[in-house]
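Per this note's numbering, the sequence shown starts with residue 2, numbered consecutively. Only one structure is covered here, and it is reproduced in the block below.
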Amino acid sequence: MAAARPVYRACKSCQFITEDTVCPRCGGDTTKEWQGIVAIADYEKSEIAKKMGITANGTYALKVR
């Protein structure tokens with residue numbers, strides 16, 4: 002039997018993607034309602050991270066409801 006796939010959630014505040022109901026980065030609430038994904042490897046050099054206001058490396062949702 003195959004293992005259940007994890008349910009990924011996105012933080013409503015910082016858009017960080019996690020499996021938790023509370024964001025481990027900022028403590029905000031998370032939701033299953035999100036779209037798109039971006040992985041930031043070096044936020045200090047990333048133009049996308051700057052535009053999104055991201056200040057830590059990680060995986061983020063592009064749109065969170």
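Don't be surprised by glycine CBs; every beta carbon is placed ideally from N, CA and C. Predicted, not measured: the structure shown is a model, and the values here were computed from it.
- Between the C-alpha atoms of residue 61 and residue 8 there is a straight-line separation of about 15 Å.
- Judged by their CB atoms, residue 32 and residue 10 are nearer to each other than the 8 Å cut-off.
- Following the DSSP letters along the chain, one finds residue 52 inside the alpha helix (DSSP H) bounded by residues 48-53.
- Taking C-alpha positions only, residue 42 is separated from residue 58 by approximately 5 Å.
- If only complete runs of 4 or more residues are kept, the region 4-42 shows no alpha helix (DSSP H) anywhere.
- Between the alpha carbons of residue 16 and residue 34 lies a gap of roughly 11 Å.
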